[in-house]
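Below is one structure, written out as structure tokens, with a few remarks after it.
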Amino acid sequence: MPQHIGILTSGGDTPGLNAAIRGIGKAAIRTHGMTVVGFRDGFKGLMQNRHVPLNASALSGILTQGGTILGTSREKPHKMLVGGKKRDMTDAILENIEAHHLDALICLGGGGTQKNALHLHKNGAPVITLPKTIDKDVWGTDATFGFDTALGIATEAIDRLHSTAHSHHRIVVVELMGHNAGWLALGAGLAGGADVILLPEIPYDAEAIAETVKTRRAGGSTFSIVAVSEGARSVEDHAALETARAAVERADGDERKAAKAELRALESTMDDCTSRLSRRLEELTGLEARVTILGHVQRGGTPSAQDRLLATRLGTTAARLAAEGTTGVMVAMVNGRAVPVPLEEVAGKRATVPLDHPWIATARNLGLGLGD
Ligand code: F6P
5 MPQHIGILTS GGDTPGLNAA IRGIGKAAIR THGMTVVGFR DGFKGLMQNR HVPLNASALS
65 GILTQGGTIL GTSREKPHKM LVGGKKRDMT DAILENIEAH HLDALICLGG GGTQKNALHL
125 HKNGAPVITL PKTIDKDVWG TDATFGFDTA LGIATEAIDR LHSTAHSHHR IVVVELMGHN
185 AGWLALGAGL AGGADVILLP EIPYDAEAIA ETVKTRRAGG STFSIVAVSE GARSVEDHAA
245 LETARAAVER ADGDERKAAK AELRALESTM DDCTSRLSRR LEELTGLEAR VTILGHVQRG
305 GTPSAQDRLL ATRLGTTAAR LAAEGTTGVM VAMVNGRAVP VPLEEVAGKR ATVPLDHPWI
365 ATARNLGLGL GD
């Protein structure tokens with residue numbers, strides 16, 4: 005009897021998703037004699053049983069394509085928007101896994117997907133996950149596909165901002181994605197030669213940044229590039245967020261709901277942090293400043309060679325693990341090898357930049373400002 009596997013992509017799209025789908029599918033069909041089905045738009049499509057056969061022709065020609073041929077969504081199995089309400093659709097999902105006789109459901113996603121997959125696994129589903137995200141914040145793996153492509157795009161953007169900042173003698177504040185991890189801003193800031201790099205891991209002081217800019221100006225450099233991660237916060241905002249998060253942790257029941265609402269309200273007042281920082285730097289330095297928010301361009305387009313390679317290695321390993329009957333794991337890249345890591349160890353954790361990471365030491369050795 006041939007084995008059957010299903011594939012879905014969940015969370016934000018990422019370059020390399022199609023390379024991973026292709027890697028899983030080709031290895032599953034050619035090497036392990038399996039049949040492969042794809043589910044549309046993440047867990048929502050699985051719940052609605054919207055599926056497509058992933059045969060040799062569907063898998064052909066997709067290696068270089070950005071996005072995901074399956075479509076994606078951020079819907080969670082246990083809190084899915086159905087008929088205008090959030091409902092627990094775990095049972096409907098389990099029924100569809102059963103109806104397709106899946107020996108493994110391979111879920112391609114970031115931190116949220118690892119949690120959702122673990123939830124399904126605990127409810128009896130044979131899941132395997134792959135780590136994809138431009139944020140590089142999935143626990144238990146040295147690499148996530150999408151990061152290298154985004155790093156290249158963000159670095160090129162910083163390169164290009166140099167000539168305009170230089171010509172106008174301006175501060176250019178460039179905001180990079182990364183959610184609550186600073187990998188992308190730190191990597192692109194270093195590779196692109198930013199003068200200041202601001203990370204969620206290091207709360208910043210606008211006056212310290214202004215000092216870096218003024219020191220540069222005193223040394224004859226009349227422009228500065230400030231690379232800021234979208235999750236970076238000032239010392240004051242960081243402290244307010246910590247207090248609000250602690251209140252959520254302490255509370256129960258209705259009080260917890262209220263504390264969560266307060267936290268969300270506080271977070272939304274910080275949506276324009278980058279613009280506020282830019283205006284503050286103008287006040288403190290007397291220089292003109294401009295903001296560039298790179299946004300989704302960082303996730304778009306064809307994957308880098310590195311991401312294709314990573315996604316293909318993780319994908320083919322996932323197919324092998326499925327053939328062997330290993331489930332409840334994420335396929336991680338550890339010390340250059342694609343290996344299974346129990347989902348229990350991965351889910352619910354976030355890999356932020358350790359303060360003693362060599363990239364931070366490199367930035368300090370270069371004399372860059374980190375806002376502290
Ligand atoms: O997790 C990937 C990511 O691109 C983050 O860097 C960013 O915060 C978020 O997704 C944006 O999400 P959306 O595409 O839903 O706006």
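Okay, so the sequence shown: first residue is 5 according to our numbering, each after it adds one. Where is the CB? At the ideal position from N, CA and C, for every residue including glycine. Quick caveat: nothing in here was measured; it's all calculated off a predicted structure.
Whose C-alpha, out of ALA243, VAL343 and ILE162, is nearest the C-alpha of MET274? Comparing Cα positions, the closest option is ALA243.
Would a C-beta distance cut-off of 7 Å place ILE162 and GLY196 closer than the cut-off? Taking 7 Å as the Cβ cut-off, ILE162 and GLY196 qualify as a contacting pair.
On the DSSP bridge list, what partners appear for ALA342? The beta-bridge partner set that DSSP reports for ALA342 consists of MET337.
Exposed or buried, GLU253, counting other C-beta atoms within 10 Å across all chains shown (16 or more means buried)? By the 16-neighbour rule on beta-carbons within 10 angstroms, GLU253 is exposed.
Below 6 Å, is the gap between the Cβ of THR137 and the nearest heavy atom of ligand 2? Inclusion of ligand 2 in the displayed structure is not the case, the ligand content consisting of ligand 1 alone.
Take LEU288 and list the residues in its own chain whose beta-carbon comes closer than 7 Å to its own, dropping the five residues that flank it on each side. The beta carbon of LEU288 lies closer than 7 Å to those of ALA210, GLU211 and ALA214 in the same chain, with the five residues before and after it left out.
Can you give me the Cβ contacts of VAL350 inside the same chain, cut-off strictly under 6 Å, excluding the 5 residues immediately before and after it? Here the set comprises GLN118, TRP143, GLY144 and MET334.
Kindly say whether PRO362, judged by its beta-carbon, lies nearer than 7 Å to any beta-carbon of chain B. Of the chains in the structure shown, none is chain B; there is only one protein chain.
Residues that THR133 bridges to, as DSSP identifies them: Answer is CYS111 and MET334.
Cβ shell of ILE25 (< 8 Å), same chain only, five flanking positions each side left out: Contacts found: ILE11, THR13, GLY42, LEU58, LEU63, ILE66, THR72, ILE73, LEU74, LEU112 and GLY319.
Other residues of its chain near VAL239: CB distance less than 8 Å, five sequence neighbours each side excluded: The answer, listed in chain order, is PRO207, TYR208 and ASP209.
Please say whether ALA231 and GLY193 have beta carbons closer to each other than 7 Å? The Cβ-Cβ distance between GLY193 and ALA231 falls below 7 Å.
Along the chain, which unbroken stretches of the beta strand (DSSP E) at least 3 residues long are found entirely within the segment 274–304? Runs of the beta strand (DSSP E) inside the segment 274–304: 293–297.
For ALA322, collect the residues of the same chain with a Cβ closer than 7 Å to its Cβ; drop the 5 residues on either side in sequence, then sort them by chain order. Excluding residues within five positions, the ones whose Cβ falls inside 7 Å are ILE28, ILE110, ILE132, LEU134 and VAL335.
With DSSP run on the structure shown, which of helix, strand or coil describes PHE2? Not covered by the structure: residue 2. The range shown for the chain is 5 to 376.
Between TRP363 and MET93, what straight-line distance do the alpha-carbon atoms span, to the nearest angstrom? Cα to Cα, the separation comes out at about 42 Å.
With distances taken between CB atoms, is the gap from ILE138 to GLY128 smaller than 7 Å? Taking a C-beta distance under 7 Å as the contact criterion, ILE138 and GLY128 do not qualify as a contact pair.
Since LYS89 is in the beta strand (DSSP E), which residue starts that stretch and which ends it? Under the DSSP assignment, LYS89 falls in the beta strand (DSSP E) whose first and last residues are 89–91.
Give a yes or no on whether the C-beta atoms belonging to LEU124 and PRO81 are separated by under 7 Å. Yes; because the gap between Cβ atoms is below 7 Å, this pair is in contact.
Return the CA-CA distance between ILE157 and GLN302, expressed in angstroms with no decimal places. Looking at the two C-alpha atoms, the distance is approximately 6 Å.
Between which residues of its own chain and HIS104 is the CB-CB distance below 8 Å, once the five residues before and five after are set aside? Only HIS8, GLY10, VAL41 and HIS55 meet the Cβ criterion.
Given a cut-off of 7 Å on the beta-carbon distance, is the pair ASP146 and VAL338 in contact? It is a contact, given that the beta carbons lie within the stated cut-off.
Below 6 Å, is the gap between the Cβ of MET274 and the nearest heavy atom of ligand 1? Checking every heavy atom of ligand 1 against the Cβ of MET274, none is found closer than 6 Å.
Is the beta carbon of ILE229 closer than 7 Å to that of ALA263? Taking 7 Å as the Cβ cut-off, ALA263 and ILE229 do not qualify as a contacting pair.
Helix, strand or coil: which one does DSSP assign to THR13? Correct three-state label for THR13: strand.
Please report the residue range of the alpha helix (DSSP H) in which ALA231 lies. DSSP places ALA231 in no alpha helix (DSSP H) but in the uninterrupted beta strand (DSSP E) bounded by 228–233.
For the putative contact between GLY235 and GLY191, defined by C-beta atoms under 8 Å, what is the C-beta separation to the nearest angstrom? That belief does not hold up - the Cβ atoms of GLY235 and GLY191 are roughly 15 Å apart, past 8 Å.
Rounded C-beta distance between ILE201 and LEU372? I'm assuming under 8 Å. Indeed they touch by this definition, with Cβ atoms about 6 Å apart.
Just mark LEU203 as buried or exposed, buried being the case when its beta carbon has 16 or more other beta carbons within 10 Å. The residue is buried, with at least 16 neighbouring Cβ atoms inside 10 Å.
PRO57, enclosing beta strand (DSSP E) - first and last residue: Where PRO57 is concerned, the enclosing beta strand (DSSP E) starts and stops at 55–57.
Could you tell me the boundaries of the beta strand (DSSP E) in which ILE175 lies? Residues 175–180.
For LEU347 and SER167, what's the separation of their Cα atoms in angstroms? Whole-angstrom Cα-Cα distance: 46 Å.
Compute every distance between the C-beta of GLY196 and the non-hydrogen atoms of ligand 1, then say whether any falls below 6 Å. GLY196: no, Cβ never under 6 Å from ligand 1.
Would you identify the three-state DSSP class for HIS8, choosing helix, strand or coil? Three-state result, HIS8: strand.
What residue from MET5, GLY87, ALA23 and GLY290 has the CA that sits closest to GLN310's CA? Residue ALA23 is the option with its Cα nearest to GLN310.
CA-CA distance, MET51 and GLU99? Across the structure, MET51 and GLU99 are spaced so that their CA atoms are roughly 9 Å apart.
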